[in-house]
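Throughout, my numbering is defined as the position within the sequence shown, counted from one, plus 4.
For reference, the structure is listed below as structure tokens.
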Amino acid sequence: MALGLQRMAPEAESHKALNNFHNNTTKHNKPPRQIPAAHPRTIYHIAITSLWRESDKINDDICSWVVQYMKPSSSEIFSDAVFSVQILDGHKTAYLTSGILVIVSGASLAISPYILGQLVNHLADSAFAEGQHTPLLLLLSLYVGSLILSVLFSSVSDYMVASRSEDISHELRKKIMERVFEGHADSLRESKAGKGKIISLISRDVDVVWDFFGFAITEMLTSLVVIIAMCAVAIYLHTALGVFLALYSTVFVFLFYVNGKGIKDIFSNVSPLVDGMLNFVDSSLSGFETIKAFRAQSWARGKIERLSKESSRLASKAHYRHTTFAFCSGTANALLGLLLWLICLPGIFRPEPIVAVSIGGLVSMQFYLSMITRPLETISSSAKVFSKSMVSVRRLKEFLGATSEKDTHETHLGAPPYPADTDSLDNGDAIRLDNVSLVKTNREGCRSEVLNGINMKIAMGSIVGLAGESGGGKTSLLRVMARMERPTSGNIKLIGVDADAYTEDEYRKTVTYLNQQVAIFPSTLEENVLLGRPSMKDKEDTGLVVRESLNRASFIDAFSRYGSSGNLADAGMSGGEAQRVSISRVHSRWSSVYLLDEPTSALDFSNSANVIENMVKLRTSTSAVVVASHSPSLLSRCDRVILLQHGRIVAQGEHDHLLKSSELYRNVTRETNDDHT
Numbered sequence: 005m006a007l008g009l010q011r012m013a014p015e016a017e018s019h020k021a022l023n024n025f026h027n028n029t030t031k032h033n034k035p036p037r038q039i040p041a042a043h044p045r046t047i048y049h050i051a052i053t054s055l056w057r058e059s060d061k062i063n064d065d066i067c068s069w070v071v072q073y074m075k076p077s078s079s080e081i082f083s084d085a086v087f088s089v090q091i092l093d094g095h096k097t098a099y100l101t102s103g104i105l106v107i108v109s110g111a112s113l114a115i116s117p118y119i120l121g122q123l124v125n126h127l128a129d130s131a132f133a134e135g136q137h138t139p140l141l142l143l144l145s146l147y148v149g150s151l152i153l154s155v156l157f158s159s160v161s162d163y164m165v166a167s168r169s170e171d172i173s174h175e176l177r178k179k180i181m182e183r184v185f186e187g188h189a190d191s192l193r194e195s196k197a198g199k200g201k202i203i204s205l206i207s208r209d210v211d212v213v214w215d216f217f218g219f220a221i222t223e224m225l226t227s228l229v230v231i232i233a234m235c236a237v238a239i240y241l242h243t244a245l246g247v248f249l250a251l252y253s254t255v256f257v258f259l260f261y262v263n264g265k266g267i268k269d270i271f272s273n274v275s276p277l278v279d280g281m282l283n284f285v286d287s288s289l290s291g292f293e294t295i296k297a298f299r300a301q302s303w304a305r306g307k308i309e310r311l312s313k314e315s316s317r318l319a320s321k322a323h324y325r326h327t328t329f330a331f332c333s334g335t336a337n338a339l340l341g342l343l344l345w346l347i348c349l350p351g352i353f354r355p356e357p358i359v360a361v362s363i364g365g366l367v368s369m370q371f372y373l374s375m376i377t378r379p380l381e382t383i384s385s386s387a388k389v390f391s392k393s394m395v396s397v398r399r400l401k402e403f404l405g406a407t408s409e410k411d412t413h414e415t416h417l418g419a420p421p422y423p424a425d426t427d428s429l430d431n432g433d434a435i436r437l438d439n440v441s442l443v444k445t446n447r448e449g450c451r452s453e454v455l456n457g458i459n460m461k462i463a464m465g466s467i468v469g470l471a472g473e474s475g476g477g478k479t480s481l482l483r484v485m486a487r488m489e490r491p492t493s494g495n496i497k498l499i500g501v502d503a504d505a506y507t508e509d510e511y512r513k514t515v516t517y518l519n520q521q522v523a524i525f526p527s528t529l530e531e532n533v534l535l536g537r538p539s540m541k542d543k544e545d546t547g548l549v550v551r552e553s554l555n556r557a558s559f560i561d562a563f564s565r566y567g568s569s570g571n572l573a574d575a576g577m578s579g580g581e582a583q584r585v586s587i588s589r590v591h592s593r594w595s596s597v598y599l600l601d602e603p604t605s606a607l608d609f610s611n612s613a614n615v616i617e618n619m620v621k622l623r624t625s626t627s628a629v630v631v632a633s634h635s636p637s638l639l640s641r642c643d644r645v646i647l648l649q650h651g652r653i654v655a656q657g658e659h660d661h662l663l664k665s666s667e668l669y670r671n672v673t674r675e676t677n678d679d680h681t
């Protein structure tokens with residue numbers, strides 16, 4: 005039976021579940037962000053403005069992308085257009101329907117006043133001749149009805165498009181998260197110039213596209229239809245309605261401004277939720293290796309998805325209020341316009357008219373003058389959204405189209421991930437490296453040999469230390485054994501089986517890797533310790549495991565200090581406390597191999613001694629521990645210490661033996677001899 009599956013010690017019963025999750029390195033402990041002013045209709049722009057404090061830098065970045073977009077080739081434009089259509093895949097019917105509604109609404113809105121004016125002139129002449137005025141009431145009803153019909157169509161179209169846009173933004177976030185949290189995200193992140201670009205993609209670009217597909221597309225189309233139709237009709241009308249109508253239009257534009265400000269306030273209440281989602285993404289990317297090492301990608305992805313759904317739900321609710329106001333304001337506009345028309349109407353029936361305009365001209369001009377400001381304003385604002393969205397579409401296309409390395413960790417059919425019997429474990433090796441080398445290439449293209457011909461065996465039941473100068477290869481060696489990096493050459497066997505025979509999930513179950521970079525996630529203390537282990541559903545068992553894990557990390561008082569915090573990353577933890585939370589993750593799980601990178605570097609003498617004592621207990625007859633450290637207190641507890649220099653093994657043996665025989669070892673350990681005294 006495989007040792008990797010059959011090594012549950014009696015004391016491990018209470019630990020029988022725990023995956024994990026986390027994020028946000030201690031350097032991300034930031035004060036709460038202030039909610040800034042932003043576009044009145046977009047929750048995301050508020051969050052983005054809040055997230056990126058250096059607004060000048062971000063504006064420069066946006067401008068640079070706009071400049072880049074201003075000079076695209078025809079093939080690039082065609083490619084961007086194709087990708088934009090692909091974004092709408094699954095929503096084309098809704099957008100086509102919305103487009104038809106918009107065209108009908110815009111045309112009805114712009115042309116109906118002219119037609120109505122002509123009808124009024126014709127029927128008014130007939131009414132004056134016969135002394136009858138009754139048909140005017142019917143025409144007034146027709147006037148109000150046509151305007152309300154136009155508003156209804158426009159509101160329905162807006163709501164259809166906005167709801168689909170929220171679905172699209174959510175789908176884009178899911179696709180991006182798949183690219184980040186699945187497969188070889190490390191190389192993908194490097195190809196996109198690091199985590200900052202991914203955060204930018206998830207935040208600014210998705211949200212700009214959301215704004216474009218949710219608002220700008222219908223607003224631009226409606227405004228263009230209305231303005232073109234108005235210009236055509238204006239050829240036949242050469243009179244102005246007067247100062248009163250101009251003042252009326254100005255007042256109504258002001259009312260729209262006041263409404264926009266109110267909508268902005270509604271979305272501002274949702275801003276902290278989106279800001280929290282972006283913080284979560286930020287911290288997840290910062291501590292990505294911890295997430296990967298503890299098999300917590302699904303937890304991270306799930307939590308971001310829940311926050312995304314909630315933000316979309318609230319955005320939909322706020323947009324419903326916006327469209328409701330649009331309908332009410334449109335109806336009010338029609339009724340107020342009707343009232344104004346009735347006030348001016350008596351002057352038309354006088355022998356000497358007060359206003360030198362026919363009754364039909366009054367109807368048409370009143371309508372046009374009252375609505376001319378809004379479409380022009382909409383075209384102006386939508387043009388900026390359109391230019392930004394095309395830049396965002398290109399970046400999203402490049403990112404989602406980037407190819408990552410194919411995962412070669414698939415288990416071959418018929419080849420078990422663990423030894424089928426114990427024959428392959430006769431030598432008792434937990435992990436074995438044969439002639440392993442690692443060559444890295446920096447950004448300048450220079451190649452350096454980080455590891456050179458490493459041959460080593462780590463026996464079951466042993467604890468082995470890695471020592472050496474900074475940059476000597478300790479961390480790189482642990483990363484290679486943890487399969488965070490692929491060796492350039494050589495072979496690695498885990499529990500007698502070639503490492504490449506394991507799937508990624510199987511490898512993470514067998515190996516626990518503690519990264520030197522401490523990662524604290526903006527979530528509860530329990531989730532930070534357990535890293536979101538989905539199998540830990542019993543609250544009592546979960547609390548027991550968390551407390552026991554923290555106790556072994558010499559941090560049992562963490563509950564009294566931070567147990568009530570919903571965001572541990574902003575709880576003001578010290579570096580030593582954060583490291584002890586990280587160590588507690590190791591104690592919350594059971595593995596065959598533990599790889600620990602400088603686990604006590606930030607601890608004082610008292611806590612370090614307790615942590616070391618419990619860390620030694622990780623070694624059992626069916627497990628092994630490999631720890632990189634400069635601490636003599638920790639290295640002296642190791643069965644064997646391997647000394648590295650320039651990526652090579654230069655000496656190995658017990659701690660006392662190396663102190664006597666190696667000047668390099670004495671120099672390395674002397675650096676930390678007085679660290680905790």
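The beta carbon of each residue, even a glycine, is placed where N, CA and C say it ideally should be.
Keep in mind the model is a prediction, meaning the values are calculated, not measured.
DSSP three-state assignment for residue i, whether helix, strand or coil
i, result
"M224", "helix"
"G121", "helix"
"K478", "helix"
"K461", "strand"
"T507", "coil"
"S637", "helix"
"E489", "coil"
"H680", "Confidence at H680 is low in this model, with a pLDDT of 42, below 50, so its placement is unreliable and the value that follows should be read with caution. Correct three-state label for H680: coil."
"V533", "helix"
"Q656", "strand"
"R299", "coil"
"T604", "coil"
"A523", "strand"
"D574", "helix"
"L753", "Residue 753 lies beyond the stretch modelled for the chain, which goes from 5 to 681, so this question has no answer here."
"T546", "helix"
"T294", "helix"
Rounded distance between the beta-carbons of residue j and residue i, thought under 8 angstroms
i, j, result
"S154", "L105", "Rounded, the Cβ-Cβ distance is 10 angstroms, inconsistent with contact."
"G477", "L455", "5 angstroms"
"I632", "T479", "Note that residue 632 is Ala in the sequence shown here, rather than Ile. Confirmed, Cβ separation roughly 6 angstroms."
"L554", "Y517", "Contact doesn't hold; Cβ gap of about 20 angstroms is too wide."
"L470", "L648", "6 angstroms"
"L572", "W303", "15 angstroms between Cβ atoms; not a contact."
Per-residue burial, residue i [other beta carbons within 10 Å of its own, 16 or more giving buried]
i, result
"T570", "For the record, residue 570 in the displayed sequence is Gly; it is not Thr. Classification for G570: exposed."
"D561", "exposed"
"L100", "exposed"
"G418", "Any reading at G418 is ruled out, since the residue's pLDDT is 31, under 50, leaving its predicted position unreliable."
"N532", "buried"
"E223", "buried"
"T507", "exposed"
"L548", "exposed"
"E617", "exposed"
"V445", "Sequence check: residue 445 is Thr here, not Val. The residue in question, T445, is exposed, as its Cβ has fewer than 16 Cβ neighbours within 10 Å."
"D601", "buried"
"G121", "buried"
"S586", "buried"
C-beta neighbour in chain B for residue i, strict 8 angstroms
i, result
"I499", "In the structure shown, chain B cannot be found, because there is only a single protein chain."
Contact set for residue i: own chain, Cβ-Cβ below 8 angstroms, skip 5 residues either direction
i, result
"G465", "G432, R623, T624, S625, T626, S627 and A628"
"A663", "First, the residue type needs correcting, since residue 663 is Leu and not Ala in the sequence shown. If we look at L663 and ignore the five residues flanking it on each side, its Cβ neighbours are Y669, R670 and T673."
"I653", "I458, N459, M460, I646 and L647"
"P491", "V440, S441, L442, L455 and V484"
Neighbourhood of residue i by C-beta, 6 angstroms cutoff - its chain only, sequence neighbours within 5 removed
i, result
"V597", "A434, I435, V515 and A628"
"N495", "D438"
Cβ-based neighbour list, residue i, same chain, cut-off 7 angstroms, excluding 5 preceding and 5 following
i, result
"A424", "Because A424 sits at a pLDDT of 34, beneath the cut-off of 50, its placement in the model cannot be relied upon, and the following sentence gives the value as read from the coordinates. Same-chain partners within the cutoff: there are none."
"V620", "I467 and R641"
"A463", "G432, D433, A434 and A628"
"A575", "Y566 and S569"
"S558", "R584, N611, N614 and V615"
"H661", "none"
Bridge partner(s) assigned by DSSP for residue i
i, result
"G469", "V631 and V645"
"R451", "T445"
"I496", "L437"
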